[in-house]
Amino acid sequence: MAQTQGMIEPFEPGQVRYKPNDERLISYGTSSYGYDVRCADEFKIFTNVHSAVVDPKAFADDSFVDIQSEVCIIPPNSFALARTVEFFHIPRNVLTICLGKSTYARCGIIVNVTPLEPEWQGHVTLEFSNTTPLPAKIYANEGVAQMLFFESDEVCETSYKDRGGKYQGQKGVTLPKT
1 MAQTQGMIEP FEPGQVRYKP NDERLISYGT SSYGYDVRCA DEFKIFTNVH SAVVDPKAFA
61 DDSFVDIQSE VCIIPPNSFA LARTVEFFHI PRNVLTICLG KSTYARCGII VNVTPLEPEW
121 QGHVTLEFSN TTPLPAKIYA NEGVAQMLFF ESDEVCETSY KDRGGKYQGQ KGVTLPKT
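Here it is, written out as structure tokens:
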């Protein structure tokens with residue numbers, strides 16, 4: 001379904017585990033019942049340099065440091081935002097849930113993403129929480145999370161697109177909106 005309906009761009013029909021030089025990487029692509037997404041090389045790392053209060057209704061853009069790199073070092077007990085390499089087009093009869101990959105979870109790195117609702121489209125903004133007292137590393141262009149797709153027998157009555165969802169069509173790392 002993902003390939004025939006153009007749900008994921010770019011789409012990897014197999015599971016990629018090695019770089020062209022035979023160096024191992026954290027796998028991405030089609031898995032048994034889902035799709036392992038990659039993290040792009042754009043990161044927003046949370047900083048407390050301005051002593052701001054985290055307020056979802058009035059989020060301060062300067063609470064993050066922007067970096068573009070093949071790796072992101074997340075400070076201890078902090079978090080970073082990133083986005084998927086893949087752009088999603090979710091059909092009207094599909095709900096998508098994202099879960100972290102075990103490789104990162106076993107290192108104390110939690111991936112948080114809200115569900116992708118029917119007819120949502122865009123790059124997925126990923127939140128990585130470093131729950132450890134040590135700096136943690138995230139690798140760009142490698143697998144970071146798994147998407148699970150739930151297809152319904154019926155189309156939903158009201159889709160994300162119908163509601164005019166505020167994150168519809170997002171590109172790049174997207175901060176909170178109200």
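Residue numbering for the sequence shown follows our numbering, starting at 1 and increasing by one per position.
In this text, a Cβ means the ideal position worked out from N, Cα and C, and glycines have one as well.
Helix, strand or coil for residue i per DSSP?
{"i": "K19", "result": "coil"}
{"i": "K161", "result": "helix"}
{"i": "A2", "result": "coil"}
{"i": "A58", "result": "coil"}
{"i": "A140", "result": "coil"}
For residue i versus residue j, is the C-beta distance shorter than 9 Å?
{"i": "V37", "j": "C107", "result": "no"}
{"i": "F149", "j": "T96", "result": "yes"}
{"i": "F88", "j": "W120", "result": "yes"}
{"i": "E117", "j": "S159", "result": "yes"}
Could you pull out every residue in the same chain whose Cβ sits closer than 7 Å to the Cβ of residue i, ignoring the five residues on either side in sequence?
{"i": "I45", "result": "F64, V65, I67, C72, I74, A80"}
{"i": "S27", "result": "Q15, V16, R17, D36, G143"}
{"i": "S31", "result": "Q15, Q146"}
Spell out the partners DSSP gives residue i in its beta bridges.
{"i": "S129", "result": "F79, I110"}
{"i": "E42", "result": "Q68"}
{"i": "T30", "result": "Y35"}
{"i": "A145", "result": "V37, G100"}
{"i": "R24", "result": "Y18"}
Please indicate yes or no: does the CB of residue i lie closer than 8 Å to some heavy atom of the ligand NAP?
{"i": "L126", "result": "Because no ligand of any kind appears in the structure shown, any question about the ligand NAP cannot be addressed here."}
Note down, in chain order, each residue of its chain lying with its Cβ closer than 8 Å to the Cβ of residue i, except the 5 sequence neighbours on either side.
{"i": "T131", "result": "N77, G108, I109, I110"}
Excluding the five sequence neighbours on either side, which residues of its own chain have a C-beta within less than 6 Å of the C-beta of residue i, listed in chain order?
{"i": "G122", "result": "G169, Q170"}
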